[in-house]
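J.: Protein sequence lines correspond, in order, to chains G and V. When the first sequence is numbered by this note's numbering, its final residue is 173 and no position is left out of the sequence of numbers. When the second sequence is numbered by this note's numbering, its final residue is 1173 and no position is left out of the sequence of numbers.
There are 2 protein chains.
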Amino acid sequence: MFARNGIDKTSIRAVAAGAAVDPALVHHYFGTKQQLFAAAVHIPIDPMQVLGPLRETPIQEIGYRLPSLLLPLWDSEAGKGFIAELRSALAGSDVSLFRLFLQEVIAVEVGSRVDNPRGTGAIRVQFVASQLVGVVMARYILELDPFKSLPVEQIAATIAPNLQHYLTGDLPL
Amino acid sequence: MFARNGIDKTSIRAVAAGAAVDPALVHHYFGTKQQLFAAAVHIPIDPMQVLGPLRETPIQEIGYRLPSLLLPLWDSEAGKGFIAELRSALAGSDVSLFRLFLQEVIAVEVGSRVDNPRGTGAIRVQFVASQLVGVVMARYILELDPFKSLPVEQIAATIAPNLQHYLTGDLPL
């Protein structure tokens, strides 16, 4: 349902109806709609672990904060499950849930705050996504040497100014 | 043989011997060793189309030149074959030839020219690779909207200063 209708237009009530159970049961086992979505994408991490701190971060610092939140997560045990899931999604041609996560969750959370000039927020966020997805590819899937062994702090510090440039810099948009 | 021994340590003579044919036949059908490697990775593009112009490009401009060479190729008919091949390599867990291409061909061609301070060339090039692979993912595989429809010139111009920063900027290395 998330893949077909998007996150906004999918309600816990509808998911529960589809599964022929009480909505309270879905809430009980999965929590919020965002946590249910995370479970559907097999992200073994509550998105609010990342999105919560980002909400508190001034937009001039998001480019620096984002990789320092994400890289330690990806390097963790829980992150391994996420990487495996991404890889299998790529193999099976079903990338719709990942696309949705990037387009709806991240775009809504961050894109709306960097939409300057108006209409550029989604593009800014997708350039950030391209660099972050590229780090995942280089480090965990292609396993480039020495990239795969660099300390997370070094990768975060190296890409941060570029992410910030995408978010608030003067782009040819 | 390329995947097992690397490009440097693989000779056309050895490939020919493995196939029980005359080396001249391999030369005749595949050209140079780099062209043979490109054929093995199913890159339907002569690597020299990109690497040739890069050799002529001053290092202060490579970050700008590289995406303007690569993006039109990826968007072309020949590029579609390359993207399909990358995707199937990701699915089949056999990314060794792509890793080799990034680590040996690009690192040798470009990394040696940006190895300043000494020992940082490979890392600089791999950060560039991470951004370029991320563009491939966002545009052709995840097909993020609007990223997938942006003009190639816009993507090239947006990532160029960041690529240049990785190549010649002051990084926390």
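We put the beta carbon where it would ideally sit given N, CA and C, even for glycine.
(1) Measure the C-alpha to C-alpha separation of PHE127/G and PRO1161/V and round it to an integer number of angstroms.
(2) For the region 103 to 148 of chain G, list the alpha helix (DSSP H) runs that are entirely contained and at least 4 residues long, ordered along the chain.
(3) Using a cut-off of 8 angstroms between C-beta atoms, extract the partners of LEU168/G located in chain V.
(4) Check whether chain G comes within 8 angstroms of VAL1152/V, counting only Cβ atoms and requiring the distance to be less than that.
(5) Keeping to the same chain, check which residues put their C-beta closer than 6 angstroms to that of ALA122/G; ignore five residues upstream and five downstream.
(6) Beta carbon of ASP46/G, beta carbon of ALA38/G: below 8 angstroms?
(7) Could you tell me whether the Cβ atoms of VAL1135/V and SER96/G are closer together than 8 angstroms?
(8) Strictly under 8 angstroms for the Cβ-Cβ distance: is THR158/G near chain V by that measure?
(9) Between ALA1016/V and GLY1079/V, what straight-line distance do the alpha-carbon atoms span, to the nearest angstrom?
(10) As a quick exercise: from ARG1124/V, ALA1156/V and PRO1172/V, pick the residue whose alpha carbon is nearest that of GLU1069/V.
(11) For the region 1063 to 1086 of chain V, enumerate the residues whose C-beta is nearer than 9 angstroms to any C-beta of chain G, in chain order.
(12) Quick check: what's the CA-CA separation for GLY1031/V versus ALA1024/V?
(13) Within a Cβ cutoff of 7 angstroms, which residues of the same chain sit near GLN35/G, ignoring the five residues on either side of it in sequence?
(14) According to DSSP, is THR1168/V part of a helix, a strand, or is it coil?
(15) Note down the Cα distance separating PHE147/G from PHE82/G, rounded to an integer number of angstroms.
(16) Between the Cα of LEU102/G and the Cα atoms of ARG124/G, ILE159/G and PRO117/G, which residue gives the shortest distance?
(17) Between which two residues does the alpha helix (DSSP H) containing GLN1034/V stretch?
(18) Nearest to ASN1116/V by CA position, among HIS1165/V, HIS1027/V, LEU1100/V and ASP1008/V, is which residue?
(19) Give a yes or no on whether the minimum CB-CB distance between GLN60/G and chain V is below 8 angstroms.
(20) Please report the distance separating the alpha-carbon of LEU173/G from that of SER76/G.
(21) Can a CB atom of chain V be found closer than 8 angstroms to the CB of MET48/G?
(22) Identify whether ALA1020/V lies in helix, strand or coil by the three-state DSSP scheme.
(23) If LEU66/G sits next to LEU163/G, beta carbons under 8 angstroms apart, how far is it from one beta carbon to the other, in whole angstroms?
(24) Go to ILE1062/V, then tell me how far its alpha helix (DSSP H) extends in each direction, as first and last residue.
(25) Measuring straight from C-alpha to C-alpha, what distance separates VAL26/G and ILE12/G?
(26) At which residues does the alpha helix (DSSP H) containing GLY52/G begin and terminate?
(27) Would you verify that the beta carbon of VAL15/G is, or is not, closer than 8 angstroms to some beta carbon of chain V?
(28) At which residues does the alpha helix (DSSP H) containing LEU1100/V begin and terminate?
(29) List, in chain order, every chain G residue whose beta-carbon is nearer than 9 angstroms to that of PRO1161/V.
(30) How should VAL114/G be labelled, buried or exposed, when 16 other C-beta atoms within 10 angstroms of its C-beta is the threshold for buried?
(31) Quick one: what's got a C-beta closer than 7 angstroms to LEU1071/V's C-beta in the same chain, skipping five residues either side?
(32) Excluding the 5 residues flanking PRO51/G on each side, which residues of the same chain have their C-beta closer than 6 angstroms to its C-beta?
(33) At the level of alpha carbons, what is the spacing between GLN49/G and LEU73/G?
(34) Determine, for SER149/G, whether the minimum Cβ-Cβ distance to residues of chain V falls below 8 angstroms.
(35) Please list the residues of the region 112 to 129 of chain G that have a C-beta atom closer than 7 angstroms to any C-beta atom in chain V, keeping them in chain order.
T.: With the structure as the only source:
(1) Going by the C-alpha atoms only, they are around 13 angstroms apart.
(2) 121 to 136, all fully within the region 103 to 148 of chain G.
(3) This sequence places Thr at residue 168/G; Leu is not what is there. Chain-order list of chain V residues neighbouring THR168/G: empty, with the shortest C-beta distance near 13 angstroms, by a criterion of under 8 angstroms.
(4) Closer than 8 angstroms to the CB of VAL1152/V there is not a single CB belonging to chain G.
(5) Closer than 6 angstroms at Cβ, skipping near neighbours: ALA107 and GLY111.
(6) Between ASP46/G and ALA38/G, the C-beta spacing is below 8 angstroms.
(7) In this structure, the beta-carbon distance from VAL1135/V to SER96/G does not fall below 8 angstroms.
(8) So, interface residue.
(9) So the alpha carbons of these two residues sit roughly 28 angstroms apart.
(10) According to the sequence displayed, residue 1069/V carries Leu and not Glu. Ranked by Cα distance from LEU1069/V, the options ARG1124/V, ALA1156/V and PRO1172/V are led by ALA1156/V.
(11) Answer set for the region 1063 to 1086 of chain V: empty.
(12) When rounded, the distance between both Cα atoms is 9 angstroms.
(13) Shown here for GLN35/G: same chain residues with a beta carbon closer than 7 angstroms to its own, the five before and five after excluded, namely ASP46 in chain order.
(14) Reduced to three states, the DSSP call for THR1168/V is helix.
(15) Between PHE147/G and PHE82/G, the C-alpha separation is close to 19 angstroms.
(16) Nearest option by C-alpha distance: ARG124/G.
(17) 1033 to 1040 is the span of the alpha helix (DSSP H), which, as asked, contains GLN1034/V.
(18) That would be HIS1165/V, whose Cα lies nearest to the Cα of ASN1116/V.
(19) So no, GLN60/G is outside the interface.
(20) A straight-line Cα-Cα distance of about 36 angstroms links LEU173/G and SER76/G.
(21) Chain V contact via Cβ: absent.
(22) Correct three-state label for ALA1020/V: coil.
(23) Taking C-beta atoms under 8 angstroms as the contact rule, LEU66/G and LEU163/G qualify, at a distance of about 6 angstroms.
(24) Unbroken alpha helix (DSSP H) run through ILE1062/V: 1062 to 1075.
(25) Distance between the alpha carbons of VAL26/G and ILE12/G is about 7 angstroms.
(26) Note, GLY52/G: alpha helix (DSSP H), 48 to 56.
(27) In terms of beta-carbon proximity, VAL15/G stays away from the interface with chain V, with every pair separated by 8 angstroms or more.
(28) It spans 1096 to 1100 - the alpha helix (DSSP H) in which LEU1100/V sits, taken as one unbroken run.
(29) At a beta-carbon threshold of 9 angstroms, the residues of chain G lying near PRO1161/V are ASN162, HIS165 and GLY169, ordered along the chain.
(30) Classification for VAL114/G: buried.
(31) Hits under 7 angstroms: VAL1152, ILE1155 and ALA1156.
(32) The question names Pro, yet the displayed sequence has Leu at residue 51/G. Answer for LEU51/G: GLU109, listed in chain order.
(33) Rounded to whole angstroms, GLN49/G to LEU73/G spans 10 angstroms at the Cα level.
(34) With 8 angstroms as the cut-off, SER149/G does not count as an interface residue toward chain V.
(35) Here the close residues are ALA122, ILE123, GLN126, PHE127 and ALA129.
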